[in-house]
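The block underneath contains the structure these notes are about, expressed in structure tokens.
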Amino acid sequence: MLSSLNGILMVKPKIKNARTKLLVPQLSSKAKTFCYSSSSVVMAAVQANSSMSYAKELAAAKKAASLAARLCQKVQKALLHSDVHSKSDKSPVTVADYGSQVLVSYVLQKEIPSEPFSLVAEEDSGDLREDAAKETLERITKLVNDTLASDGSYAVSTLSSEDVLRAIDSGKSEGGSQGRHWVLDPIDGTKGFLRGDQYAIALALLDEGRVVLGVLACPNLPLSSIGGGSQHALNNEVGCLFFASVGSGAYVQLLDGSSPVKVQVSAIENTEEASFFESYEAAHSMHDLSGSIANKLGIRVPPVRIDSQAKYGALSRGDGAIYLRFPRKGYREKIWDHAAGCMVVTEAGGVVTDAAGNQLDFSRGRYLDLDTGIIVTNQKLMPLLLKAVRESLEEKGSSL
Numbered sequence: 042m043l044s045s046l047n048g049i050l051m052v053k054p055k056i057k058n059a060r061t062k063l064l065v066p067q068l069s070s071k072a073k074t075f076c077y078s079s080s081s082v083v084m085a086a087v088q089a090n091s092s093m094s095y096a097k098e099l100a101a102a103k104k105a106a107s108l109a110a111r112l113c114q115k116v117q118k119a120l121l122h123s124d125v126h127s128k129s130d131k132s133p134v135t136v137a138d139y140g141s142q143v144l145v146s147y148v149l150q151k152e153i154p155s156e157p158f159s160l161v162a163e164e165d166s167g168d169l170r171e172d173a174a175k176e177t178l179e180r181i182t183k184l185v186n187d188t189l190a191s192d193g194s195y196a197v198s199t200l201s202s203e204d205v206l207r208a209i210d211s212g213k214s215e216g217g218s219q220g221r222h223w224v225l226d227p228i229d230g231t232k233g234f235l236r237g238d239q240y241a242i243a244l245a246l247l248d249e250g251r252v253v254l255g256v257l258a259c260p261n262l263p264l265s266s267i268g269g270g271s272q273h274a275l276n277n278e279v280g281c282l283f284f285a286s287v288g289s290g291a292y293v294q295l296l297d298g299s300s301p302v303k304v305q306v307s308a309i310e311n312t313e314e315a316s317f318f319e320s321y322e323a324a325h326s327m328h329d330l331s332g333s334i335a336n337k338l339g340i341r342v343p344p345v346r347i348d349s350q351a352k353y354g355a356l357s358r359g360d361g362a363i364y365l366r367f368p369r370k371g372y373r374e375k376i377w378d379h380a381a382g383c384m385v386v387t388e389a390g391g392v393v394t395d396a397a398g399n400q401l402d403f404s405r406g407r408y409l410d411l412d413t414g415i416i417v418t419n420q421k422l423m424p425l426l427l428k429a430v431r432e433s434l435e436e437k438g439s440s441l
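Converting from the sequence shown to our numbering requires adding 41 to each position, the first position being numbered 1.
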């Protein structure tokens, strides 16, 4: 059922106390909550320490991510309609990646000009400053200017190539535990982008090392559920914007604009009724390990495999109950790969931890220090999931 609160549509939870205190006895005693949980204990601490609202920052982040998504949609549409295109040619995603980062940097600085600006992002301008990249830089500059002009929000003269390079390099911040830092993945899911499937513009804000808001622009994600296993729409409503700020819940709306709807993670308590998400690419996550965990939980349906942090968005609205990510040995997770998604899911009542039950720490710079992998589910299922993960890892010869 939907109800209205201050003009925002809200989905009433199907069960009482859907967002009760975190019940995960396996969590490490050393764990700290660096991606704010929705538990009453953490929220009380937040309210005691700060009455700060992030409404202005959230509005700016939504605008920045939406504008970047518009640029990416234009590039992907041209890519998919091109008669001549090699799958090994990554130039379209390169243009979109840089263009997205430029727009996010530009919009955030325009919308919040009074604050020191720090952006932790994936790209820098090094390659674009080479003579061989001149044509690519020109394409990026034109796309950025065309996107800004079509939006009409900013009375700005045409950005030069040097302006574009400076905007890209604004993302060189190392982040950390002090001050505020924006965290951006300008295109999360580049292979999905090239295939015409799922990708996301993922933007979060750290305040004193803690994620306090997150926005996921998912241009190809249907507004309707993808829980049936298909990542494609059954209707014409495609393109989702998920957003959340600490203590305010998580919401979704159409990228093109619609009334936001409050979302809640799945309330499933029986693992046999659950479905789970994992990465589309086997190179990004160990599918065999996820399969072992699913078997231990008695999950009967096959996994839903999609690219990018769109998985976090889909999970936040209950399309599935579990997300499993186990990268190959030696891979280091970056904070921009999870910060926004973590915020959206936790504000929707979910739990995000590493494989040992430690909550994710985004305060240590550009990388996450993790134990083996990342698991996401609701509060009821987390103890069972942690047990299955531990057993499966032990069988593979790993240890927590």
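Here a beta-carbon is modelled for each residue, glycine too, at the ideal position from N, C-alpha and C.
Assign residue i to buried or exposed, taking buried as 16 or more other Cβ atoms, counted over all protein chains shown, within 10 Å of its Cβ.
{"i": "Tyr147", "result": "buried"}
{"i": "Lys370", "result": "exposed"}
{"i": "Ser198", "result": "exposed"}
{"i": "Asn311", "result": "exposed"}
{"i": "Arg341", "result": "exposed"}
{"i": "Ala429", "result": "buried"}
{"i": "Leu330", "result": "buried"}
{"i": "His222", "result": "buried"}
{"i": "Tyr292", "result": "buried"}
{"i": "His379", "result": "buried"}
{"i": "Gly167", "result": "exposed"}
{"i": "Gly438", "result": "exposed"}
{"i": "Ala315", "result": "buried"}
{"i": "Lys97", "result": "exposed"}
{"i": "Leu257", "result": "buried"}
Give the range of the alpha helix (DSSP H) segment to which residue i is assigned.
{"i": "Arg358", "result": "Unbroken run through Arg358: none, as it is neither H nor E."}
{"i": "Ser146", "result": "132-152"}
{"i": "Phe234", "result": "231-236"}
{"i": "Val252", "result": "Here Val252 belongs to no alpha helix (DSSP H); instead the beta strand (DSSP E) covers 251-263."}
{"i": "Ile334", "result": "328-338"}
{"i": "Leu184", "result": "175-192"}
{"i": "Val393", "result": "Looking at the DSSP string, Val393 is not in any alpha helix (DSSP H); the run it does join, the beta strand (DSSP E), is 391-395."}
{"i": "Leu99", "result": "96-121"}
{"i": "Ile209", "result": "202-210"}
{"i": "Ala308", "result": "Neither: Ala308 is in no alpha helix (DSSP H) and is coded neither H nor E."}
{"i": "Val197", "result": "No alpha helix (DSSP H) holds Val197; DSSP gives it neither H nor E."}
{"i": "Val430", "result": "423-436"}
{"i": "Glu314", "result": "Careful: Glu314 lies outside any alpha helix (DSSP H) and carries neither H nor E."}
Check the C-beta distance from residue i over to residue j and give it rounded, since I have them as a contact under 8 Å.
{"i": "Val385", "j": "Gly359", "result": "Not really, about 13 Å apart at Cβ, beyond 8 Å."}
{"i": "Ala119", "j": "Ile153", "result": "About 32 Å separates the two Cβ atoms, so there is no contact after all."}
{"i": "Leu244", "j": "Ala381", "result": "6 Å"}
{"i": "Gly265", "j": "Leu99", "result": "Just to set this straight, residue 265 is Ser in the shown sequence, not Gly. Between Leu99 and Ser265 the Cβ distance is about 25 Å, and since that is not below 8 Å, they are no contact."}
{"i": "Gln305", "j": "Gly212", "result": "At roughly 33 Å, the Cβ-Cβ gap does not stay under 8 Å, so Gln305 and Gly212 are not in contact."}
{"i": "Leu425", "j": "Leu338", "result": "7 Å"}
{"i": "Asp348", "j": "Asp238", "result": "6 Å"}
{"i": "Glu388", "j": "Ser289", "result": "7 Å"}
{"i": "Gly230", "j": "Tyr240", "result": "4 Å"}
{"i": "Phe234", "j": "Gln117", "result": "6 Å"}
{"i": "Leu225", "j": "Val145", "result": "6 Å"}
{"i": "Ile309", "j": "Arg366", "result": "With 8 Å as the limit, Ile309 and Arg366 do not qualify as a contact, their Cβ atoms being about 20 Å apart."}
{"i": "Cys383", "j": "Val393", "result": "5 Å"}
What span of residues does the beta strand (DSSP E) with residue i cover, start to end?
{"i": "Lys303", "result": "302-304"}
{"i": "Ile242", "result": "241-248"}
{"i": "Val345", "result": "345-347"}
{"i": "Thr418", "result": "415-419"}
{"i": "Gly216", "result": "Segment: none, Gly216 is in no beta strand (DSSP E) and carries neither H nor E."}
{"i": "Gly290", "result": "Counting along the chain, Gly290 falls outside any beta strand (DSSP E), and DSSP gives it neither H nor E."}
Alpha carbon to alpha carbon, how far is residue i from residue j?
{"i": "Met423", "j": "Val417", "result": "8 Å"}
{"i": "Leu262", "j": "Leu282", "result": "9 Å"}
{"i": "Leu189", "j": "Arg180", "result": "14 Å"}
{"i": "His328", "j": "Glu436", "result": "15 Å"}
{"i": "Glu319", "j": "Val345", "result": "6 Å"}
{"i": "Ala173", "j": "Glu203", "result": "16 Å"}
{"i": "Ala106", "j": "Gly361", "result": "25 Å"}
{"i": "Ala397", "j": "Tyr364", "result": "15 Å"}
{"i": "His126", "j": "Val136", "result": "Bear in mind that the predicted position of His126 carries a pLDDT of just 43, short of 50, making it too unreliable to give a figure here."}
{"i": "Lys421", "j": "Gly220", "result": "34 Å"}
{"i": "Asn399", "j": "Ser433", "result": "18 Å"}
{"i": "Gly280", "j": "Lys115", "result": "13 Å"}
{"i": "Ser214", "j": "Ser194", "result": "27 Å"}
{"i": "Pro227", "j": "Ala335", "result": "32 Å"}
{"i": "Gly332", "j": "Pro343", "result": "9 Å"}
{"i": "Lys104", "j": "Gln294", "result": "13 Å"}
{"i": "Asp165", "j": "Asp138", "result": "11 Å"}
{"i": "Leu427", "j": "Phe403", "result": "21 Å"}
{"i": "Leu178", "j": "Leu169", "result": "6 Å"}
{"i": "Gly406", "j": "Val252", "result": "13 Å"}
{"i": "Lys183", "j": "Ser307", "result": "43 Å"}
{"i": "Val83", "j": "Gly390", "result": "Legend: pLDDT at Val83 = 41, less than 50; position of this residue unreliable, value from coordinates given subsequently. Rounded to whole angstroms, Val83 to Gly390 spans 13 Å at the Cα level."}
Would you say the region 362-380 touches the region 155-164, given that touching needs at least three Cβ pairs under 8 Å? yes
Check whether the region 293-304 and the region 397-412 touch, using three or more Cβ-Cβ pairs below 8 Å as the test. no
Quick check: the region 108-116 against the region 206-216, are there 3 or more CB pairs under 8 Å? no
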